[in-house]
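K.L.:
Residue numbers for the sequence shown follow the working numbering, so the first one is 1 and each next one is one higher. Cβ coordinates follow ideal geometry from the N, Cα and C atoms, glycine included. In this text, all values refer to a predicted model and were calculated from it rather than measured experimentally.
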Amino acid sequence: MKEFGVKGLKGECTQARFNKLLDDHRRSNASAQRLSGVAEDYTEREVLLDDLSQLVEDQTQQARESIESQKERRDQALAVGETVWAEAVQRLRQQDREDEERPKKIGKLVHIIDLMWTKTDNEIEQRKAIWEAERSGRREEQERVRQSRLVELERDRQ
């Protein structure tokens, strides 16, 4: 992991500290909201943490929306492709029935289109499998990091 400008400060530790600060701030905000009518001192630290919290939430929402829009575009493209494919196959089969002189040529074309469609389906399934494998790998890595942090905390307590 790359180091920041401060020696001994690594990105992983910094990210964990940042997340802890935001979580603590969110918890304190939640408990403050439960209190009724009590005026609180609002320091610059809380203002900055509020701003950071809002930025993180905005970024998370933007990432979610981006993923959803990409998925919608991909689904629309697949739907259009399916429609075009179905129309082409239907048209070719209709031409085949109408014109008995070229059945082999049309049959080959239909076969080629079917093969192309099958290949596309297989590629999509392979991409899904790769994505799922990467996702589970990331989850396992996160769990290992969490476990190692817990072990380090236990060692520090002893």
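1) Contact between the stretch 51-63 and the stretch 16-32: three or more CB pairs below 8 Å?
2) Cβ of residue 113 within 8 Å of Cβ of residue 133?
3) Three or more beta-carbon pairs under 8 Å between the stretch 89-97 and the stretch 110-130, yes or no?
4) Rounded to a whole number of angstroms, what is the C-alpha to C-alpha distance between residue 77 and residue 58?
5) Please state if the CB of residue 30 and the CB of residue 40 are separated by a distance shorter than 8 Å.
6) Using the C-alpha atoms, what's the distance from residue 9 back to residue 42?
7) Which full runs of the alpha helix (DSSP H) of 4+ residues lie inside the stretch 57-82, going along the chain?
8) Quick one: Cα of residue 145 to Cα of residue 139, how far?
9) Have a look at 56, 63 and 25 and flag the residue whose alpha-carbon is nearest the alpha-carbon of residue 45.
10) Tell me, to the nearest whole angstrom, how far the beta carbon of residue 85 is from that of residue 131; I am working on the premise that it is less than 8 Å.
11) Do you know how far the Cα of residue 128 is from the Cα of residue 15?
12) Near residue 137, what residues of its chain come up, given a Cβ to Cβ distance below 6 Å and the 5 sequence neighbours on each side ignored?
13) Provide the residue span of the alpha helix (DSSP H) that contains residue 40, from first to last.
P.N.:
Taking the structure as given:
1) yes
2) no
3) yes
4) 28 Å
5) no
6) 29 Å
7) none
8) 10 Å
9) 25
10) Between residue 131 and residue 85 the Cβ distance is about 24 Å, and since that is not below 8 Å, they are no contact.
11) 29 Å
12) none
13) Here residue 40 belongs to no alpha helix (DSSP H), and DSSP marks it neither H nor E.
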